[in-house]
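For reference, the structure is listed below as structure tokens.
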Amino acid sequence: MPSQEAKLLSDFLLAPAPLRDFMTLRQFTDIFPRSHRENPAVQVLYRELHRLREAEIEVVRNDITKEVKRSKQLRRAYARERRLADDAHIAGTDSLSDHGRKTPHTLQTVHSSIEDACQSLEAQIAEMEEENRRALAEVQEAVGALSDLRHGRFAQPASGEDLGKEVLATLRRLGALITADNHSFGGVSFPLLQYYTPKSRDEIIRAIVESKARVIRLHIQPDSHHNDPEVLIGEFDKSLLDQFDDTLAAIHRISEGQVKVVIAPHDAHALRGTNDIPCDAYCKKLGGAFLDFYSLEEYRQLYKTRLDVFFKHYPSKNFDGRSWNELSEVIMGVDIQNQPFSGIWPIPAGESWLCDIANHLKFSIGLDKSNIAVISGGVSGLQSLDGIQNFPDSVFDCSAIDVIGIHGRFGAGEGTTSGTPWAEMFVPGNTLTARAQGKEGKRKLLLVEEWVYVHTDAGLEHKRAALFDQGNALNLRGIPWVYSHLSSKNESTLSMINPLRPEHDSMTALTDVLTRASVSRSNFNWSSYLPAPSASLSNFTEIPLNPYIPGKKKLIFGPGIRGRWKNNRVDGIPEGHERGPAKVRSEALRIMIPTEGVMETGQAKVAS
Numbered sequence: 034m035p036s037q038e039a040k041l042l043s044d045f046l047l048a049p050a051p052l053r054d055f056m057t058l059r060q061f062t063d064i065f066p067r068s069h070r071e072n073p074a075v076q077v078l079y080r081e082l083h084r085l086r087e088a089e090i091e092v093v094r095n096d097i098t099k100e101v102k103r104s105k106q107l108r109r110a111y112a113r114e115r116r117l118a119d120d121a122h123i124a125g126t127d128s129l130s131d132h133g134r135k136t137p138h139t140l141q142t143v144h145s146s147i148e149d150a151c152q153s154l155e156a157q158i159a160e161m162e163e164e165n166r167r168a169l170a171e172v173q174e175a176v177g178a179l180s181d182l183r184h185g186r187f188a189q190p191a192s193g194e195d196l197g198k199e200v201l202a203t204l205r206r207l208g209a210l211i212t213a214d215n216h217s218f219g220g221v222s223f224p225l226l227q228y229y230t231p232k233s234r235d236e237i238i239r240a241i242v243e244s245k246a247r248v249i250r251l252h253i254q255p256d257s258h259h260n261d262p263e264v265l266i267g268e269f270d271k272s273l274l275d276q277f278d279d280t281l282a283a284i285h286r287i288s289e290g291q292v293k294v295v296i297a298p299h300d301a302h303a304l305r306g307t308n309d310i311p312c313d314a315y316c317k318k319l320g321g322a323f324l325d326f327y328s329l330e331e332y333r334q335l336y337k338t339r340l341d342v343f344f345k346h347y348p349s350k351n352f353d354g355r356s357w358n359e360l361s362e363v364i365m366g367v368d369i370q371n372q373p374f375s376g377i378w379p380i381p382a383g384e385s386w387l388c389d390i391a392n393h394l395k396f397s398i399g400l401d402k403s404n405i406a407v408i409s410g411g412v413s414g415l416q417s418l419d420g421i422q423n424f425p426d427s428v429f430d431c432s433a434i435d436v437i438g439i440h441g442r443f444g445a446g447e448g449t450t451s452g453t454p455w456a457e458m459f460v461p462g463n464t465l466t467a468r469a470q471g472k473e474g475k476r477k478l479l480l481v482e483e484w485v486y487v488h489t490d491a492g493l494e495h496k497r498a499a500l501f502d503q504g505n506a507l508n509l510r511g512i513p514w515v516y517s518h519l520s521s522k523n524e525s526t527l528s529m530i531n532p533l534r535p536e537h538d539s540m541t542a543l544t545d546v547l548t549r550a551s552v553s554r555s556n557f558n559w560s561s562y563l564p565a566p567s568a569s570l571s572n573f574t575e576i577p578l579n580p581y582i583p584g585k586k587k588l589i590f591g592p593g594i595r596g597r598w599k600n601n602r603v604d605g606i607p608e609g610h611e612r613g614p615a616k617v618r619s620e621a622l623r624i625m626i627p628t629e630g631v632m633e634t635g636q637a638k639v640a641s
């Protein structure tokens with residue numbers, strides 16, 4: 034076991050010393066001009082600095098070991114000197130100084146001596162407690178003073194006047210965090226809601242509306258029972274678009290206009306047949322070379338045609354024949370794609386596809402005229418805590434992208450909750466949030482478009498607590514969010530939540546954080562895309578105590594949790610909650626695409 038001296042020296046000199054503890058690779062990269070940040074030499078330089086730092090730490094560690102050994106020798110020498118001094122007596126001094134041999138105590142004298150000793154000990158204890166209180170106050174003051182430095186909020190000032198300006202600027206940022214009169218919001222993703230029967234679909238929508246969700250994210254994609262609306266490239270099934278339009282109308286009607294949708298018009302996983310999404314028409318044409326979808330002009334034009342059909346050519350069944358690009362009363366935003374370049378980082382080729390498609394949605398299709406936001410959709414898939422996968426320069430620099438969609442999966446760690454990474458990612462004034470709130474005309478809105486419950490060894494009973502921690506970490510930072518995702522299936526250890534199965538209790542926790550999100554403040558103004566609710570804003574300055582942390586009682590589930598197929602239905606799912614029919618081919622809207630037209634303009638022609 035290390036000595037107290039070794040522990041103190043190690044904690045003070047070694048613990049805060051590693052380079053990564055006070056400067057990550059991302060922070061180091063940000064020091065360089067933007068044009069040089071992708072240079073591989075930056076990482077090499079960082080690793081070299083890390084190696085030199087570790088070498089210095091090893092030298093200090095050896096010095097600590099030597100110092101501890103030397104202190105043992107000093108203590109032995111000091112003890113030897115004390116013994117020699119105690120044994121040295123000068124003749125006659127014992128009687129004069131009263132430090133010689135004492136006469137034995139009597140019963141009366143020992144009592145008074147013990148009382149004197151007790152009083153002396155009590156006085157010493159009181160002095161030690163007072164010293165401890167003073168030391169604790171000094172430590173707390175030091176920790177508070179260093180908190181801004183720990184999060185990297187202060188630049189190195191040249192003078193006391195500069196430091197004063199930094200303090201005032203930080204206080205202004207914190208004031209904006211607490212007092213800004215912008216509403217945040219929460220929402221849910223229900224990728225295949227349009228395929229449910231009208232009865233069960235409407236029941237699900239009512240449950241979502243009652244949960245205080247303001248946004249529902251919908252996907253236009255195939256599944257194991259339904260085709261993609263673009264059955265063949267250039268050929269679209271109108272009945273599936275009608276089904277989707279029915280869902281838009283139901284959301285608008287049931288919520289009385291208080292809930293809007295985000296539409297993902299295509300999923301990058303369909304290009305490879307991954308993530309339980311079947312290989313679609315583009316996937317079959319690509320033949321496995323899915324990155325050609327982004328880098329080849331032919332596929333860009335074909336995809337633009339798909340977007341044109343969805344948002345310009347299809348006449349709404351429920352909104353008086355209007356095109357979807359005009360339905361700002363029910364559509365808040367449109368993703369350029371769900372997770373473009375999913376799983377690929379850094380992007381090797383075709384990165385210009387992002388802004389090209391965003392410009393097509395915003396200006397060619399005309400989403401800007403209706404105040405419908407263009408959303409990046411979670412570039413490269415899942416975001417890491419220290420990376421920039423979802424917000425590369427190509428996204429920040431594209432004026433046609435209004436909202437940066439961020440997708441992440443974080444679980445509880447050693448000494449941290451599942452909400453800690455979100456709270457650290459969106460610290461007010463850090464690189465990400467400051468850049469999003471940058472100069473006029475270059476500002477971006479931030480939306481956590483996907484976050485989920487991540488199952489850990491702690492057990493399923495921690496699911497509600499994890500939902501509460503993540504949602505409220507985002508509420509504290511004023512970042513709107515969409516939970517991914519809701520479904521009618523049994524939950525088990527999956528991230529999905531069934532809004533119609535109260536015995537799981539997950540929806541209770543999600544409703545809790547959705548309600549808090551509806552009154553949380555945000556530094557970002559979403560009023561152009563989502564009107565503020567009538568509820569007053571809260572002063573949400575810290576994450577509330579989590580009421581869902583499980584105790585020692587075990588959860589015991591009754592029968593019906595594990596469904597089995599019976600008569601083409603799943604036991605435990607109420608009657609009427611099965612999926613609706615896949616499609617009606619007789620109502621198909623056939624789109625013929627001339628090669629010349631696609632290559633030049635990307636416009637499709639409707640066959641007569």
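Residue numbers (this note's numbering): 34 to 641.
Ideal Cβ positions, reconstructed from N, Cα and C, are used throughout, including at glycine.
Buried or exposed for residue i, please, with buried defined as at least 16 other CB atoms from any protein chain shown within 10 angstroms of its CB.
i      : result
LYS232 : exposed
GLY219 : buried
TYR327 : buried
ALA159 : exposed
ALA456 : buried
LEU42  : buried
TYR332 : buried
GLU575 : exposed
VAL436 : buried
ALA156 : exposed
ILE211 : At ILE211, the pLDDT of 47 sits below 50, so the modelled position is not reliable; the number obtained from the coordinates is stated separately. That one is exposed.
GLU100 : exposed
HIS299 : buried
LEU107 : exposed
PRO425 : buried
I believe residue i touches residue j by the beta-carbon criterion, under 8 Å. Please report the beta-carbon distance rounded to the nearest angstrom.
i      : j      : result
SER413 : ILE380 : 7 Å
ASP368 : VAL295 : 7 Å
LEU533 : GLU243 : Going by Cβ atoms, the distance from LEU533 to GLU243 rounds to 11 Å, so no, they are not a contact pair.
GLY438 : ILE408 : 5 Å
ILE284 : VAL363 : 6 Å
ARG109 : LEU47  : That pair is no contact at about 26 Å.
ASP430 : SER349 : Not quite, the Cβ-Cβ distance comes to about 34 Å (not below 8 Å), so this is no contact.
Based on the DSSP output, what are the partners of residue i in its beta bridges?
i      : result
ALA297 : HIS252
HIS216 : ARG554
THR449 : GLY446
LEU265 : GLU268
SER222 : ARG250 and SER517
ILE530 : LEU519
ASN371 : ASP300
Considering only the beta carbon of each residue, do residue i and residue j sit closer than 7 Å?
i      : j      : result
GLN470 : GLY410 : no
ALA301 : ILE266 : no
THR280 : LEU226 : yes
GLN503 : SER551 : no
GLU494 : PRO583 : yes
GLN372 : ILE310 : no
SER555 : GLY511 : yes
VAL77  : THR62  : no
PRO454 : LEU400 : no
GLY444 : THR489 : yes
SER217 : SER561 : no
GLN422 : TRP378 : yes
PRO262 : ASP256 : no
ILE530 : SER539 : yes
SER361 : ASN404 : yes
PRO513 : LEU543 : no
Please report the residue range of the beta strand (DSSP E) in which residue i lies.
i      : result
ASP368 : 364-368
ARG439 : With the sequence shown as reference, residue 439 is identified as Ile, and Arg is not the correct amino acid for it. Element bounds for ILE439: 436-441.
VAL481 : 478-484
VAL407 : 406-408
Between which two residues does the alpha helix (DSSP H) carrying residue i extend?
i      : result
SER517 : Per DSSP, SER517 belongs to no alpha helix (DSSP H); it is in the beta strand (DSSP E), 514-517.
TRP455 : 453-458
VAL428 : 426-429
TYR327 : 325-328
TYR315 : 314-319
HIS62  : The sequence shown places Thr at residue 62, not His. It spans 58-63 - the alpha helix (DSSP H) in which THR62 sits, taken as one unbroken run.
GLU38  : 37-42
For residue i, is the beta carbon positioned less than 6 Å from some heavy atom of the ligand NAP?
i      : result
ILE147 : Within the structure as shown, the ligand NAP is missing, as the structure has no ligands at all.
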